[in-house]
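Engineer: Numbers in my numbering are just positions in the sequence shown, counted from 1, shifted up by 55. Glycine residues also receive a C-beta, built at the ideal position from the N, C-alpha and C atoms.
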Amino acid sequence: MAVSPLDTRYFTEMNEVFDEQSRLRRWLEVEVALAHAHAEAGNMPKKCAREIEQAAERVKLERVKAIEAEIHHDLMAMVRALSEQCTPESARYVHLGATSYDIEDTATALMLKDAYDIIEKRCIRLGEVLKKLALKHAKTVCVGRTHGQHAVPTTYGLKFALWKSELDRHLIRLAQSKPRVYVGKVSGAVGTMAALGDKAFRIEGLLMKRLKLEAAKVTNQVVQRDRHAESLFILALIASTLEKMAKEIRNLQRSEIGEVAEPFGKKQVGSSAMPQKRNPHKCERICSLARVVRADVQVALENIALEHERDLTNSANERIIIPQSFILTDYMLKQMTPIMRGLVFFPENIRRNLELSGGAILSERMVGALVDRGMQRQKAHALVREIALSAFKSKVRVKEVALKDHRIKKLLSRKELDELFDYKTYIGQAEKIVRRSV
Numbered sequence: 056m057a058v059s060p061l062d063t064r065y066f067t068e069m070n071e072v073f074d075e076q077s078r079l080r081r082w083l084e085v086e087v088a089l090a091h092a093h094a095e096a097g098n099m100p101k102k103c104a105r106e107i108e109q110a111a112e113r114v115k116l117e118r119v120k121a122i123e124a125e126i127h128h129d130l131m132a133m134v135r136a137l138s139e140q141c142t143p144e145s146a147r148y149v150h151l152g153a154t155s156y157d158i159e160d161t162a163t164a165l166m167l168k169d170a171y172d173i174i175e176k177r178c179i180r181l182g183e184v185l186k187k188l189a190l191k192h193a194k195t196v197c198v199g200r201t202h203g204q205h206a207v208p209t210t211y212g213l214k215f216a217l218w219k220s221e222l223d224r225h226l227i228r229l230a231q232s233k234p235r236v237y238v239g240k241v242s243g244a245v246g247t248m249a250a251l252g253d254k255a256f257r258i259e260g261l262l263m264k265r266l267k268l269e270a271a272k273v274t275n276q277v278v279q280r281d282r283h284a285e286s287l288f289i290l291a292l293i294a295s296t297l298e299k300m301a302k303e304i305r306n307l308q309r310s311e312i313g314e315v316a317e318p319f320g321k322k323q324v325g326s327s328a329m330p331q332k333r334n335p336h337k338c339e340r341i342c343s344l345a346r347v348v349r350a351d352v353q354v355a356l357e358n359i360a361l362e363h364e365r366d367l368t369n370s371a372n373e374r375i376i377i378p379q380s381f382i383l384t385d386y387m388l389k390q391m392t393p394i395m396r397g398l399v400f401f402p403e404n405i406r407r408n409l410e411l412s413g414g415a416i417l418s419e420r421m422v423g424a425l426v427d428r429g430m431q432r433q434k435a436h437a438l439v440r441e442i443a444l445s446a447f448k449s450k451v452r453v454k455e456v457a458l459k460d461h462r463i464k465k466l467l468s469r470k471e472l473d474e475l476f477d478y479k480t481y482i483g484q485a486e487k488i489v490r491r492s493v
C-alpha cells in the first residue's frame, strides 16, 4: 500500500520518469553506452558490446532488488544482474573503468531531460490559456489593490498578462539551464579518469555523443550539485508563480469580494459541516505544495558542499527531493491549467467593488486634472485628500463633495468631473500593454 501521496493523490506522468523501473532503465542505458564507447575505442570486442546491449534488455528489477538485499549497494546490484545475463567473455567488460556515480549521475541527466520536457509542455499549455484570458479581458475594468486597499482601476487582462509573462521567463530559465543540467560524467572515483587510461577522453566523447549529453569538463567523484540545485530552484520559481496566481484567485473569491472563483463541480462538496461552502480548495492545495517545492531547494543547496572529493550525504535526500520537486511542480501546473480555463467571473461584483470607495480610487486622476489647470501639485494632492476624507466620513461619493467645493468648481466643470469619474477611461495603456506582452 502506498504511503506517499506522490504515488496516489499527486500522481502524474512525471512519476514514470523517476520510478524504479525508469531509473534502472537509464542505468542500463548508460552501461550499454559505456560498453559501445569502449568497443569503438578498441578496449573490448564489438561483439561483447552488442551482447551487453542485448543482456540489458533481460535484466529484471526484481533480480536487482534481490541482489541489493544481499550486498546493500543498488548500483552494484544492477552491475551484477547485468553481468549474469552476459556470456563470461562479455561479463568481464561490464562497468569497465567506471565508478557508481559515472552511471548514476549520467542517468540522472537523462531523467532530467525527460522531466524538463514535461514541465516545459505544461508551462506552454498554461501560458496559452493565460494568453486567451488576457486578450479576452484586456478591457475588463476592475479595482486595483495595493497593500490590500483599493488603489486605482486596472483590468483583469493585465493580471493574466502579468502571469503569462512570468511563465515565459521560467521557460527561458529552463532553456538556459539545459547546458548546465544535461551533463554526465565518466571520470572515475575522484575525477581523474585514471581507470580509463590514455583513451579516457575518446571514451568520454563517444559515451556522451551516444546519450546526447555534454560531458562535465571537471568533476570529482560526482557531477557538482550546483547543477541540480539550479534545476530545483527554477522549479521553485515556477511553483511560486503558481502560488501567486492561486493566492490571487483565493483572495478574489472571498465572500466580501466575490469577483472570480475557481471552477466548482455540480456534485462537489466544499465542507463536511457547512453545505453552502464553495471553498477554493484547489488553489489552496497549490499554495500548500509550493512550500514543499521551495523547501527542497534548501536541501539541494546543502548538497553542494560535499566533503573532499565527495561524501554520501547528498544521495539519500536526492532520491526524495528531485522526484518530489518535479512531480509536485508538474501536478501544480496540471491543476492550474483547468482552473484558469474554467475560471468563473462575477461581473456584478466587479462593478460593485469598483464603486465601493465612492470614486475615491480616481483621486489620482483628479489631482492630475487640477495640476493641468495650473494648481501646484502638492496643493492639489492636499485638496483631493481633504475631499476624499470628507466623502468617506459623510458616506457619499467623492464627486458629490467635489461638485460643492468652490476651489474645484473654479477649475473643473460638472461635465469634466463626470468624465474624470468614469472608471473605464482611466486604465491608461492597459490594453496595449496586454497585447504587447502576450
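Pick helix, strand or coil for Q204, following the three-state DSSP scheme.
Structural biologist: Counting from 1 along the sequence shown, the entry for residue 204 is found at position 149. Reduced to three states, the DSSP call for Q204 is strand.
Engineer: How is the alpha helix (DSSP H) around L251 delimited, first residue to last?
Structural biologist: For this step, residue 251 is matched to residue 196 along the sequence shown. No alpha helix (DSSP H) contains L251, which DSSP labels as neither H nor E.
Engineer: Bridge partners of F400, per DSSP?
Structural biologist: As a first step, residue 400 is located in the sequence shown; it is residue number 345 there, counting from the start. In DSSP, F400 forms a bridge with V315.
Engineer: So A94 packs on A104, CB below 8 Å; how close in whole Å?
Structural biologist: Sequence index remark: in the sequence shown, residue 94 carries index 39 (1-based). Sequence index remark: in the sequence shown, residue 104 carries index 49 (1-based). Contact holds; Cβ gap of about 4 Å.
Engineer: Should V399 go down as buried or exposed, given a rule of 16 or more other Cβ atoms within 10 Å for buried?
Structural biologist: For the purposes of this step, residue 399 is identified with residue 344 of the sequence shown, where counting begins at 1. Classification of V399: exposed, given that the 10 Å Cβ count is below 16.
Engineer: Taking the C-alpha atoms as reference points, what is the distance between G243 and L367?
Structural biologist: On the sequence shown, position 188 is the one that residue 243 refers to. On the sequence shown, position 312 is the one that residue 367 refers to. Approximately 16 Å between the Cα atoms of the pair.
Engineer: When DSSP labels each residue in this structure, what does G199 get in the three-state scheme?
Structural biologist: For the purposes of this step, residue 199 is taken as the residue at position 144 of the sequence shown. G199: strand per DSSP, three-state reduction.
Engineer: Just checking, does the stretch 388 to 398 make contact with the stretch 173 to 193 on the three C-beta pairs under 8 Å criterion?
Structural biologist: At 8 Å Cβ cutoff, the stretches touch.
Engineer: Leaving out five residues before and five after I405 in sequence, what residues of the same chain have Cβ atoms less than 6 Å from its Cβ?
Structural biologist: Taking the first residue of the sequence shown as position 1, residue 405 is located at position 350. Closer than 6 Å at the Cβ level, and outside the excluded window around I405, lie C197, E314.
Engineer: The alpha helix (DSSP H) with I482 in it runs from where to where?
Structural biologist: Working through the sequence shown from its first residue, we reach residue 482 at position 427. I482 -> no alpha helix (DSSP H), and no H or E assigned at all.
Engineer: Pop quiz: V493 and K186 are said to be a contact at Cβ under 8 Å. What is the actual Cβ separation, rounded to whole angstroms?
Structural biologist: Position 438 of the sequence shown, counted from the start, is the residue given in the question as residue 493. Position 131 of the sequence shown, counted from the start, is the residue given in the question as residue 186. Between K186 and V493 the Cβ distance is about 5 Å, and since that is below 8 Å, they are a contact.
Engineer: If you follow the alpha helix (DSSP H) that A170 is in, where does it begin and where does it stop?
Structural biologist: Counted from its first residue, the sequence shown places residue 170 at position 115. Segment 155 to 191, the alpha helix (DSSP H) holding A170.
Engineer: Taking the Cβ atom as the reference point for each residue, do A146 and S138 lie within a distance shorter than 8 Å?
Structural biologist: The residue you call residue 146 lines up with position 91 of the sequence shown. The residue you call residue 138 lines up with position 83 of the sequence shown. Closer than 8 Å, so yes.
Engineer: On the three-pair Cβ rule with 8 Å, is the stretch 248 to 261 touching the stretch 287 to 305?
Structural biologist: Because the criterion of three Cβ pairs below 8 Å is not met, the stretch 248 to 261 and the stretch 287 to 305 do not touch.
Engineer: Thinking just about the alpha-carbon of each residue, which of Q279, D169, S380 is nearest to the one in A294?
Structural biologist: Looking up residue 294 in the sequence shown gives position 239. Here the closest residue by C-alpha is S380.
Engineer: For a test of the three-state rule: what should DSSP assign to A270, helix, strand or coil?
Structural biologist: If you number the sequence shown from 1, residue 270 lands on position 215. Three-state result, A270: strand.
Engineer: Please check the pair A355 and L287, which I expect to be a contact at CB under 8 Å, by giving their CB distance rounded to whole angstroms.
Structural biologist: For the purposes of this step, residue 355 is taken as the residue at position 300 of the sequence shown. For the purposes of this step, residue 287 is taken as the residue at position 232 of the sequence shown. So it is a contact: roughly 5 Å between Cβ atoms.
Engineer: Tell me the rounded alpha-carbon separation between E339 and R346.
Structural biologist: Position 284 of the sequence shown holds residue 339. Position 291 of the sequence shown holds residue 346. Cα-Cα distance, rounded: 11 Å.
Engineer: With distances taken from CA atoms, which of K337, S449, N369, E123 is nearest D351?
Structural biologist: Within the sequence shown, the letter at position 296 stands for residue 351. With distances taken between Cα atoms, D351 lies closest to N369.
Engineer: On a Cα-Cα basis, can you pick out the residue from M421, H205, E285, Q109 that is closest to R349?
Structural biologist: In the sequence shown, counting from the first residue as 1, residue 349 sits at position 294. Out of M421, H205, E285, Q109, E285 has the C-alpha closest to the C-alpha of R349.
Engineer: Assess contact between the stretch 418 to 438 and the stretch 463 to 476, defined as three or more Cβ pairs (one per stretch) separated by less than 8 Å. Is contact present?
Structural biologist: Contact between the stretch 418 to 438 and the stretch 463 to 476 is present, because at least three Cβ pairs lie under 8 Å.
Engineer: Is it buried or exposed, D172, if we count other Cβ atoms within 10 angstroms and call 16 or more buried?
Structural biologist: Against the sequence shown, residue 172 aligns to sequence position 117. Exposed: under 16 other Cβ atoms inside 10 Å.
Engineer: Tell me the rounded alpha-carbon separation between R118 and P378.
Structural biologist: Your numbering for residue 118 matches position 63 in the sequence shown. Your numbering for residue 378 matches position 323 in the sequence shown. Whole-angstrom Cα-Cα distance: 24 Å.
Engineer: So, helix, strand or coil for T296, using DSSP?
Structural biologist: As a working note, residue 296 is residue 241 in the sequence shown. Correct three-state label for T296: helix.
Engineer: When the Cα of R78 is compared with those of D129, R365, H436, which residue comes out closest?
Structural biologist: If you number the sequence shown from 1, residue 78 lands on position 23. The shortest Cα separation from R78 among D129, R365, H436 belongs to D129.
Engineer: Count the other CB atoms, across all protein chains shown, that sit within 10 Å of the CB of K454; report buried if there are 16 or more and exposed otherwise.
Structural biologist: Translated into positions along the sequence shown, residue 454 becomes position 399. Label assigned to K454: buried.
Engineer: Where in the stretch 376 to 424 do unbroken runs of the beta strand (DSSP E), each at least 3 residues long, occur, reported from the N-terminal end onward?
Structural biologist: None, since the stretch 376 to 424 contains no complete beta strand (DSSP E) of that length.
Engineer: So, with DSSP's three-state summary, where would you put G212?
Structural biologist: Position 157 of the sequence shown, counted from the start, is the residue given in the question as residue 212. Reduced to three states, the DSSP call for G212 is helix.
Engineer: Can you list, in chain order, the residues of its chain whose CB lies under 7 Å from that of D385, leaving out five sequence neighbours each side?
Structural biologist: The residue given as residue 385 occupies position 330 in the sequence shown. Only T67, M69, I173, I174, R177 meet the Cβ criterion.
Engineer: Counting pairs of Cβ atoms below 8 Å between the stretch 264 to 276 and the stretch 231 to 246, do you hit three or more?
Structural biologist: With a cut-off of 8 Å, the stretch 231 to 246 and the stretch 264 to 276 count as touching, because enough Cβ pairs lie within range.
Engineer: Just verifying my parser: in three-state terms, what is the DSSP assignment at V426?
Structural biologist: The residue labelled residue 426 in the question sits at position 371 within the sequence shown. Residue state, collapsed to three classes: helix.
Engineer: The alpha helix (DSSP H) spanning C338 covers which residue range?
Structural biologist: Stepping through the sequence shown from its first residue, residue 338 is reached at position 283. Per DSSP, C338 belongs to the alpha helix (DSSP H) from 336 to 357.
Engineer: Cα separation between K337 and R81?
Structural biologist: As a first step, residue 337 is located in the sequence shown; it is residue number 282 there, counting from the start. As a first step, residue 81 is located in the sequence shown; it is residue number 26 there, counting from the start. Computed Cα separation, rounded: 34 Å.
Engineer: State the DSSP-derived secondary structure class of G10, mapped to helix, strand or coil.
Structural biologist: The question about residue 10 has no answer here: the residues shown for the chain are numbered 56 through 493.
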